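Protein sequence lines correspond, in order, to chains A, B, C and D.
Read left to right, the first sequence gives residues 1 to 340 (the numbering used here).
Read left to right, the second sequence gives residues 1001 to 1340 (the numbering used here).
Read left to right, the third sequence gives residues 2001 to 2340 (the numbering used here).
Read left to right, the fourth sequence gives residues 3001 to 3340 (the numbering used here).
There are 4 protein chains.
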Amino acid sequence: MLDIGIIGGSGYTGGELLRLLSCHPEAEAVCITSRKLAGKDVTSVHQHLRGICDLKFESPTAEEVAERCDVVFTAVPHGTAMDWVPALLDSGAKVIDLSSDYRLPIDVFERTYGITHRAPREAVFGLPELHPEVAKANLIGNPGCYPTGAILATAPLAKAGIIERAIFDSKSGISGAGIEPSETSHYPNLAENIRCYKITNHRHVPEIRQELSRLAGNVKVSFTPHVIPAVRGILTTAHVIVKEEKADIIQDRAAVSQIYEKFYEKAPFVRMAQVPMLSNVRCSNFCDIGFEAERGEDRLVVISAIDNLVKGASGQAIQNMNLMMGLDETAGLWFPGGAP
Amino acid sequence: MLDIGIIGGSGYTGGELLRLLSCHPEAEAVCITSRKLAGKDVTSVHQHLRGICDLKFESPTAEEVAERCDVVFTAVPHGTAMDWVPALLDSGAKVIDLSSDYRLPIDVFERTYGITHRAPREAVFGLPELHPEVAKANLIGNPGCYPTGAILATAPLAKAGIIERAIFDSKSGISGAGIEPSETSHYPNLAENIRCYKITNHRHVPEIRQELSRLAGNVKVSFTPHVIPAVRGILTTAHVIVKEEKADIIQDRAAVSQIYEKFYEKAPFVRMAQVPMLSNVRCSNFCDIGFEAERGEDRLVVISAIDNLVKGASGQAIQNMNLMMGLDETAGLWFPGGAP
Amino acid sequence: MLDIGIIGGSGYTGGELLRLLSCHPEAEAVCITSRKLAGKDVTSVHQHLRGICDLKFESPTAEEVAERCDVVFTAVPHGTAMDWVPALLDSGAKVIDLSSDYRLPIDVFERTYGITHRAPREAVFGLPELHPEVAKANLIGNPGCYPTGAILATAPLAKAGIIERAIFDSKSGISGAGIEPSETSHYPNLAENIRCYKITNHRHVPEIRQELSRLAGNVKVSFTPHVIPAVRGILTTAHVIVKEEKADIIQDRAAVSQIYEKFYEKAPFVRMAQVPMLSNVRCSNFCDIGFEAERGEDRLVVISAIDNLVKGASGQAIQNMNLMMGLDETAGLWFPGGAP
Amino acid sequence: MLDIGIIGGSGYTGGELLRLLSCHPEAEAVCITSRKLAGKDVTSVHQHLRGICDLKFESPTAEEVAERCDVVFTAVPHGTAMDWVPALLDSGAKVIDLSSDYRLPIDVFERTYGITHRAPREAVFGLPELHPEVAKANLIGNPGCYPTGAILATAPLAKAGIIERAIFDSKSGISGAGIEPSETSHYPNLAENIRCYKITNHRHVPEIRQELSRLAGNVKVSFTPHVIPAVRGILTTAHVIVKEEKADIIQDRAAVSQIYEKFYEKAPFVRMAQVPMLSNVRCSNFCDIGFEAERGEDRLVVISAIDNLVKGASGQAIQNMNLMMGLDETAGLWFPGGAP
């Protein structure tokens, strides 16, 4: 049994790690930290875990956590993870960072987040479907929720070299904004509504661009996010404009299917779907992908659906853990979502 | 044209007063106050009023407001209205207070809200269907949202002397909790949920008890509120236990109907309905009422539906204004809700 | 007072026409038809109109309706309106058709809807912001809901000649799918979900293309609709790719603002907004529009918000009626939406 | 490994059985029937199970199912289960019936459902917290969703002999109404709404009355259900009027707590909670219970929260299966809900 630590466990991703680990056959949460809530029952915040999890929040040092744990998840805000990660690694723990501190090259990180990186370390971008080297990593930069949906939707096309530009129009549940009440998450402001925000400059763009460019060289990437009246899930509508000389390919549905099937043939959590919907992936680690070409035109629409807290955060983190620790990739994650 | 002032206009009831007044044929908002937002456009908060309302928030004295206005609505928190009302009245304005400061006898108010009343004045409880003396009042204590739904549902039965006890189980939209984000109004905490709160001791109980007792002498009143995933509306399910000797009456549907029809024969905003629902009263000043007796038993279930911000607050306040100022009771309020 | 007829009044657009007309100062619904429901109270379907509307559904001939009415709205399915319109016109009524039968040239209509047009007549495309000739028309083809949002969002740019291609990613409330329950509108299938449908070939595309091309010559138009968990409203996110030689213009916010302000300077229902949202236009006839350019790139994102049943259908129809009949364009429509 | 059959698998309870069994360590669904869908993939209906469940719907005889299965769940409409159950039992299967056919004495069943019972068999009422004899049963009548919430909320008080009357005001998610679209489940009719239905005579009343009377002799039971804008979950607000001579007990919070804790000391799925909410039990088999006495009065309010499809149906059925087959009561069910 692996002993697991969670740094910063009072938010949604921390709670979701606990939920998922509570059913994991080979890993167990043994330490969960929160400076603010140290000494309190974990279930004082994550009430749905009553009867299942009897841990209390603690406030230990990184070294103490590393000593007690085989793997540590850092679920703290960006800019804070970098204060934990080096000490955890140096004390022998493997680390999966759910913040954005280890997803990007330092210069891109600093430009995007407007802060200086105080503790660069070598890390693997933890999207296992694209990065088999996850298995050998000691530090994972777990991808952002939007990039997970956007990259999985289009990586096969990027690798096939057919993308001229990709415009991602994403629709997210509000849990991505976190556990703290805000004007945006105020029920009367979101119910029966939809809000476009950070219309052209969301911080997740560089992750998407980095991964698609790695596969395809120069790809023009745009991204516009919205929040919808839903708690969990991200639906990404990728409007892919294909290169002029490749326009014929997308008109051949079987050919496009084959590109996806081949790319994901060893990816247990990617499912091709007629109509990807949040309801089919809710609370699960699946990513559903579907597509349709505009007849006679150069536009291919690809749609992906994930649960932002699972495949978009904590589930993917555990998938990475499984691979890093030599477990079955699906251990503790092989269950369907909770439809209806 | 009446000139109207609104003290405390940055919240939902203030916004709703502006919305309703913008269509009123004989009254116009000319002054809206907010200390915090003085100088800012009203539409910086109430964005839906852009193009319709070009007022700015002001921070005048009560005397200044009274000088400019015929009628003033006080839409400030309980305990604050009493700092405005006397000066407004003394300066010649008629006042409709949407807080709880002028709804109850002083001793009941002080016991219920735990504060000393600093400025008692004679006021009429502004439920026009029960209080024709509204027409002659200078100061109205506009009823709470829950009491409006509960009292209208059962007043005819109280007057008919058949209630032994009434248990009100109410379900409210979250706008009743106000414009400020909170844990309760956080979308992930309310969507797909329902929350029972202040289970046995909500502060609105004394208003309900006061009005029913006025009609019927001693009536046993209990009240339990819930918030549901809806923005507007209160559905009240009144479980009425009838006096043993009156049990036969409720088994006669026509007899009960007649009790209601007679009681409300001059009440334009009360509609008898098969199935009262929030969707039928949303954004309107109507109160829909329906009922069903448990066959062979002593329980009559009465259901009422109102929009908490209209008939439960700002609409009722304008209805009171109409009556106080000798206008048609329905002026500016005679429109249907916005279904679907 | 104008006498108004509504052909096919049992659906949402029929109900919305009645709601809006009930507050119109110079027009009154006098006849509403439904073969299926003839003889029944209008309020048996449109329950929110109880107390406001005491009409019964009728089943008259077109000639009978025309005789009694000055203006007739046809709110029947596409392919059915054409069976009513000629007789209504020939009997002297002015007609506003809310179906798609009179929005497109015949050949485009037939290709798009797969049916033969049995009764072509000259009609004006009823988007008054673009078509002042509405004022002189006898027959209006009232635009589709999606086209209204998409065209208003981008028409000023089209006229300015800067659009290379426009990709419309629209998110609609489910009321657009009508009053009849279906798998898509089944609550468990829509709540906490979002569904992309008719991904590349929705029937509204030709309307959008027709109007933008009229302004700009050849514009590449794509459209992908979604339904979101909301009843009313359409948010359209227009990803506009600008012509290479015009890329500089969109980087100048003031210049783009001016293009919009000039284009809509006489359009009372178009409001420029920082963040267009459904909540600000709900139940109103406003169209809110905002935009943001991607820094240094050739993409301008324009967002529009309308209420699909008002500006996207019945409200726009009444706006057309006002213009056709020489009334103030805003008569009966000058009220804010129902936020929160 | 137990082989499991599901008769009538195209609805929500069938899908939920498959979801839960897919994670059960000692049971596996091997046969799922649907006459209408025979030959089709189970995932054509239950899309969220893609990749997890590769069964096809079948249309076998009861005998064939019984031959292949150790335990059979009948998830068909009331009145239909009785056509399957005898043959299944006679062929050696243990049967858990999720319909209402085997929950009540025949005369009560026939009076309540208005049909003749064609195949009475001895059955145990499958609420394991009250019926340890489940462990020895061959046929279980799995309780209704509302009765599960109502009975668990009040059984300890009934046994303690303190209930004079209990008025259950329940609020259910719409999934209880099934997978077929209807007027009630039409999104525009439920969103932002709440609907009271079968106000005094819902068919679940006899189950509640039967179980409470079994514990307490004569208890006056009333029940009024509502549907709220939620997919899963039932919150039951039980207004318990206590016997005059027991009124003191409920004023002693510790005493009431003790009554509950003792009654449920061996019930793993019952959790006492400050504020029971749907969000804490969603997708799980837990029943959360909280209470508050009205100070100085004879009313105790008890609130219970369950997931109607899990503890209210399929989860409870599997809990029964576990007990019948000598497995750990929590096997395959020991996981938290999916909050947020």
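Where is the CB? At the ideal position from N, CA and C, for every residue including glycine.
None of the values given here were measured: they were computed from a predicted structure.
Below-8 Å beta-carbon distance, residue i vs any chain B residue
| i | result |
| --- | --- |
| residue 186 of chain A | yes |
| residue 2024 of chain C | no |
| residue 3069 of chain D | no |
| residue 3303 of chain D | yes |
Short Cβ contact (8 Å threshold) for residue i with residue j
| i | j | result |
| --- | --- | --- |
| residue 88 of chain A | residue 62 of chain A | yes |
| residue 2232 of chain C | residue 1336 of chain B | no |
| residue 3243 of chain D | residue 3329 of chain D | no |
| residue 221 of chain A | residue 234 of chain A | no |
| residue 3250 of chain D | residue 3276 of chain D | no |
| residue 1094 of chain B | residue 1076 of chain B | no |
| residue 1322 of chain B | residue 1331 of chain B | yes |
| residue 1149 of chain B | residue 1113 of chain B | no |
| residue 127 of chain A | residue 166 of chain A | no |
| residue 2160 of chain C | residue 2259 of chain C | yes |
| residue 298 of chain A | residue 247 of chain A | yes |
Collapsed DSSP secondary structure at residue i in the structure displayed
| i | result |
| --- | --- |
| residue 225 of chain A | strand |
| residue 2082 of chain C | helix |
| residue 3284 of chain D | coil |
| residue 2148 of chain C | helix |
| residue 186 of chain A | strand |
| residue 16 of chain A | helix |
| residue 3121 of chain D | coil |
| residue 2269 of chain C | coil |
| residue 2070 of chain C | coil |
| residue 90 of chain A | helix |
Exposure label - residue i; buried when at least 16 CB within 10 Å
| i | result |
| --- | --- |
| residue 1001 of chain B | exposed |
| residue 2945 of chain D | The question about residue 2945 of chain D has no answer here: the residues shown for chain D are numbered 3001 through 3340. |
| residue 99 of chain A | buried |
| residue 2025 of chain C | exposed |
| residue 3255 of chain D | exposed |
| residue 1105 of chain B | exposed |
| residue 2197 of chain C | exposed |
Alpha carbon of residue i to alpha carbon of residue j, nearest angstrom
| i | j | result |
| --- | --- | --- |
| residue 3131 of chain D | residue 3144 of chain D | 15 Å |
| residue 3230 of chain D | residue 2136 of chain C | 49 Å |
| residue 37 of chain A | residue 3257 of chain D | 27 Å |
| residue 3030 of chain D | residue 2014 of chain C | 51 Å |
| residue 3267 of chain D | residue 1181 of chain B | 38 Å |
| residue 1101 of chain B | residue 1082 of chain B | 6 Å |
| residue 3097 of chain D | residue 3065 of chain D | 15 Å |
| residue 3068 of chain D | residue 3091 of chain D | 10 Å |
Cutoff 8 Å: residue i Cβ touching any chain C Cβ
| i | result |
| --- | --- |
| residue 1339 of chain B | yes |
| residue 237 of chain A | yes |
| residue 246 of chain A | no |
C-beta neighbour in chain A for residue i, strict 8 Å
| i | result |
| --- | --- |
| residue 2231 of chain C | yes |
| residue 3336 of chain D | yes |
| residue 2278 of chain C | yes |
| residue 3047 of chain D | yes |
| residue 2243 of chain C | no |
| residue 3175 of chain D | yes |
Residue-chain proximity (residue i, chain D), Cβ-Cβ < 8 Å
| i | result |
| --- | --- |
| residue 1010 of chain B | no |
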